[in-house]
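Protein chains in written order, with the working numbering: chain A, 1 to 145; chain B, 1001 to 1122. Ideal Cβ placement from N, Cα and C applies to all residues, glycine included.
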Amino acid sequence: MNTTTESHRPLVNIERVFAASPEEVFDAWLDLDLLRDWFCGGKAHVRLVEVDPQVGGAYRIVMSDGEREWDHSGTYLELDRPRRLVFTWHTPSTNFKETLVTVTLEGDGDGTRLRLRHESLPADMVEAHHKGWAELLEKLAMTLA
Amino acid sequence: MSLAAAERLDHTFHALADPTRRALIGQLKLGRQRVTDLADSYSMSLNAISKHIKVLERAGLVERQVQGREHRIQLSINSFTEAEAWLAETREFWQTRLDRLDHVLEQRRLAAQKNKITEEPR
Chain A
1 MNTTTESHRP LVNIERVFAA SPEEVFDAWL DLDLLRDWFC GGKAHVRLVE
51 VDPQVGGAYR IVMSDGEREW DHSGTYLELD RPRRLVFTWH TPSTNFKETL
101 VTVTLEGDGD GTRLRLRHES LPADMVEAHH KGWAELLEKL AMTLA
Chain B
1001 MSLAAAERLD HTFHALADPT RRALIGQLKL GRQRVTDLAD SYSMSLNAIS
1051 KHIKVLERAG LVERQVQGRE HRIQLSINSF TEAEAWLAET REFWQTRLDR
1101 LDHVLEQRRL AAQKNKITEE PR
């Protein structure tokens, strides 16, 4: 978890290095066939995927395990190939409130280092203060445990 | 996550967005306290401290026990668990997908290599 962040919002930071070029990794986020292959988990498969890959364009990905469905949708805010993708993220689990996902890519040897940041964004949480949420909650959890 | 759970999570993060309320949480970690003592510790009016406590109560972060005229406040651990659950779920969600992305990119690389080899003149 990135502890140098100045964000005060609850957020998730993930880093991963891929054995592919930044262009290949970037395109995997917008390519329908590739998304169908990778944007699922467990027993669920991608039932529907729609992508309008331009700033202001919308996407929708519906996953299904045959019984239940998970509906994800949002809007692209930044598409800077092959460096950066920023998009909003709505799901039932975020109460269809806007959350924000930022994906940054940079070359790392023969591969690509991907950084993903997912933060929640309700209006009443945007006021400035300095604690990193994840850090704070971790600390609280440790103390309360 | 249910709608009610998502709303509670919003309340939790809102409640923790204020430095005074975070300090109150810090103090309550030491144990159950009387509202009047909390007000004294922060040199705040009973009215002001009560407002903060209400926000924490709504978020389910603290519980109030009333004994006669005395109001005692103590931490409730459930909301922290919920906030952590959101973080854990989101992390797990992306980890799973990035694992698959890694796999898909690897398959493509191998397929491309194979094509290259078969295209080479013999």
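For Phe39 of chain A, the closest Cβ of chain B is nearer than 7 Å.
Between the C-alpha atoms of Ala58 of chain A and Asp27 of chain A there is a straight-line separation of about 16 Å. Residue burial is scored here from C-beta neighbours: Asp80 of chain A has fewer than 16 other C-beta atoms within 10 angstroms and is therefore classed as exposed. In the displayed model, Gln1067 of chain B falls within a strand according to three-state DSSP. Against chain B, the beta carbon of Glu24 of chain A has neighbours under 7 Å at Leu1105, listed in chain order.
Note that the C-beta distance between Arg113 of chain A and Thr102 of chain A is not below 7 Å. Annotated as proximal: Arg115 of chain A and Glu15 of chain A, with beta-carbon spacing under 7 Å. Closer than 7 Å to the CB of Ile14 of chain A there is at least one CB belonging to chain B.
Membership of His72 of chain A in the beta strand (DSSP E) is indicated by the continuous run 69–80. In the DSSP assignment, Asp108 of chain A falls within the unbroken beta strand (DSSP E) covering 99–108.
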